[in-house]
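One structure is given here, and the rest of the page talks about it.
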Amino acid sequence: MSVAGPAILLVIAAVVAFLLRKRLVVVALFSLASLVTAIVIVASTPADATSELLGLPLRLSPLGRLAAVALLAILGALVLDVWLDEPAYNFFPTALGVGAAVVAVMVLVTPLAIYTALLAGLLLPVGSFTFQIHRNRSVEAASRHYGFVTLGGTLGLAALAIAAGLPRDQPQTTFVLLVVVLYVAFALKLAAIPFHTHAALLATEAPVSALALYLGVLIPATVIAFSEILTLSGLLPSIVQLVKVQELLLAIGAASAVGGAVLAIGAPDLRRLVVYSVISDLGIALVGLGTFSGPGIVGGIAVALATGASATQQLLAAGTLERRSAGGPPRAARAPLAAATFIAGGSGLVGAPPLVGFPGRFYVEFIAYAFSPWLGGALVLATLLLLLAQLRMGLAIFAEGLPSWRPEPRPVAGLIGIAIFAALLAGGILPDAFLRPIAAFAEEFLRALRPL
C-alpha cells in the first residue's frame, strides 16, 4: 500500500466516525479497528519507502514509522478509555483526525506541508476540549488554545514561506532571524515557558482525555516536526555559524525545563502536576535539539516520545481518581490501581531507570554538560525538582493509606497504565529498537547541518 495509505484511511474513518458518533459502541469499535489497521499498515511498510500524493513527495523514515506506531497506539488507548470510562461521542472523530495528521507529519518531506499538517492536527482537538461543556468552562480553554496555536502557526508559516522563497545569497542574519521566528512559533505550540498559560488553563478546564490527546500525542509529534523541518529547510548551516542564536535556543529550553519543574512542585492538583512536568520535559527535549549534536538529537526526541506515553498514563489515572473522589481530594483508597499507575507514570516523566525515558534524558544531560556546566546543572536541577514534585503528590494520594489492595470497579485507566508502563519498561530493557530509528534521523540532521 502507498505510504499515504494510513493517513487516507484515518481521514475517511474520521468522517465515518463523525456520522456514527451518536452510536457509542459502534463508533468506539470502529475507531479502534481503524487505528489498529493503520498501525499494522505502518509497521509493515518498509523503512524509507517512498511515494507521492497530489504532487507532494512522501517518505516513511525509520523515525517516522516508530513515532507513527507509538502515537497511534496512544490514540488507541485514549479511545478505549473514553469508550469504557468517560463516554464522549465527539472524541472519536477527533482522535481519528489527529491520527491522520500525525501520520501525515511523519511521511511528508516538504517543510511547508509538514507544518500545515501539524497545524491542522493541533487545531482539531478544540472540539474535544468542549465536549463536556456542562461540566466545565472549557470553551475559554479551547479559545485560548486556538489563539496560541494560530499565532504560532501564522509565524511559522510566514517564516517557512519566506525562507523557501529567498535566494541563498542573502545576509546570514536574515536566515538566522527566520530561524528565531520559527523557534518562537514552535515554543508557542509546545507551551514552553513563558508561553505556557494556555496549557495551564487546559489543565483545569479540559477533560483529561482531550488533555492527553494534546500532551500525549500532539506535543511529541510537534517536537519531531520541528526537528524534521529544521533538517529539510536548509537553514541549519546558517544557524551554527552564529553562537548567540544557539545560546538563545538553549536558554529557552533550560528556562522551560527548570521553570516547569518549579511550577510542578507547587501544583495544587494532579492535572497541573502532569502539565508542568510535561513542560519541564519538553524543555529538556528542546535543549537536546538545540545542542545540534547526535546525542542531543537522539535524547531530545526520545524524551519527547517517552514523555507523551507517561503523561497519557498519568492523566488517565488522574481522571479516574478525580471521578472516584466525587469532588473531594483524590485518594488511593478510592482507586488503588489508578493511584499505582499514576505513581508509575511519574517515574516515566522523571526518566527513572530502567524505563525507556532514562537513556534519552541521560544523553541530553551529558551533552549539556559538554556545552556548559551551568546548562548541565540546570537540567539535573530540573530533574531533581520534578522528582520532588512527583513524590509530594504521591504522598498526598496515599495520605489515608489503603484499606484494601482490591482494584476499583472498572479499572480501565489502571489497566491501560499497566500496559503503557510495560511498554516503557520493555523499551528500557531493550533500548536498541527504540533508539536506532532516532539515531538514523540524527545522522540525517547532522548531514543537513554540515552538508560539506
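With the first letter of the sequence shown counted as 1, position 54 gets the number 54 in the numbering used here; the numbers rise by one all the way through. Using N, Cα and C, we set each Cβ at its ideal position, and we do this for glycine too. Computed from a predicted structure; not experimentally measured.
In this structure the stretch 281-298 touches the stretch 355-371; the number of beta carbon pairs closer than 8 Å is three or more. Membership of Ala221 in the alpha helix (DSSP H) is indicated by the continuous run Ile219 to Ser233. The beta-bridge partner set that DSSP reports for Pro57 consists of Glu52. Per DSSP, reduced to three states, the secondary structure at Leu108 is strand. DSSP, read as helix, strand or coil, puts Tyr89 in coil. If you draw a straight line from the Cα of Phe371 to the Cα of Arg334, it comes to about 47 Å. Assigned with DSSP and collapsed to three states, Ile265 falls in helix. Annotated as proximal: Ala306 and Leu424, with beta-carbon spacing under 8 Å.
Contact between Gly121 and Ala221 is confirmed by a C-beta separation of about 7 Å, below the 8 Å threshold. Listed in chain order, the non-local C-beta contacts of Leu388 below 8 Å within the same chain comprise Ile265, local neighbours out to five positions each way being set aside. Glu408 is positioned such that its CB atom lies closer than 8 Å to that of Ala338.
Ranked by Cα distance from Phe92, the first of Val15, Ser143, Ala159 and Tyr146 is Val15. Here Arg450 is exposed. Its C-beta has fewer than 16 other C-beta atoms within 10 Å.
Here Pro359 carries a helix assignment [DSSP, helix/strand/coil].
For the options Gln314, Glu52 and Leu375, the alpha carbon positioned closest to that of Gly216 is the one of Gln314. Put simply, of Ile114, Ser280 and Ala419 the residue whose alpha carbon is nearest the alpha carbon of Ala317 is Ala419. Counting every other CB atom within 10 Å of its CB across the protein chains shown gives Val107 a total of 16 or more, marking it as buried. When only Cα atoms are considered, Val26 and Pro6 end up about 21 Å apart. For Pro125, the closest C-alpha among the options Leu60, Gln246, Leu96 and Ala257 is that of Leu96.
Rounded to the nearest angstrom, the gap between the Cα atoms of Glu444 and Gly401 is 51 Å. Around the Cβ of Arg406, a 10 Å sphere holds fewer than 16 other Cβ atoms; the residue is exposed. Within a 10 Å sphere around the beta-carbon of Gly147 sit fewer than 16 other beta-carbons, which makes this residue exposed. Within its own chain, the residues whose Cβ lies closer than 6 Å to the Cβ of Arg271, once the five positions on either side in sequence are excluded, are Ala203 and Ala318, listed in chain order. Contact between the stretch 77-93 and the stretch 27-36 is established, with three or more Cβ pairs separated by less than 8 Å. Counting the other Cβ atoms within 10 Å of the Cβ of Gly328 gives fewer than 16, which makes it exposed.
The beta carbon of Val42 sits closer than 8 Å to those of Pro6, Leu60, Arg65, Ala68, Val69, Leu72 and Val103, all from its chain and outside the five residues before and after it, given in chain order. For Glu322, the enclosing alpha helix (DSSP H) begins and ends at Gly294 to Ser325. The distance from the Cβ of Ile8 to that of Thr312 is about 26 Å, inconsistent with a contact at the 8 Å cut-off. In its chain, beyond the 5 residues on either side, Tyr89 have a beta carbon closer than 7 Å to the beta carbon of Lys22. Apart from the 5 residues on each side of it in sequence, Gly288 sits with its Cβ closer than 6 Å to the Cβ of Gly296, Gly299, Gly300 and Val364 in its chain, given in chain order. The residue from Ala382, Ile284 and Val274 with its alpha-carbon nearest to that of Leu249 is Ile284. Here the alpha carbons of Phe434 and Ala251 stand approximately 28 Å from one another.
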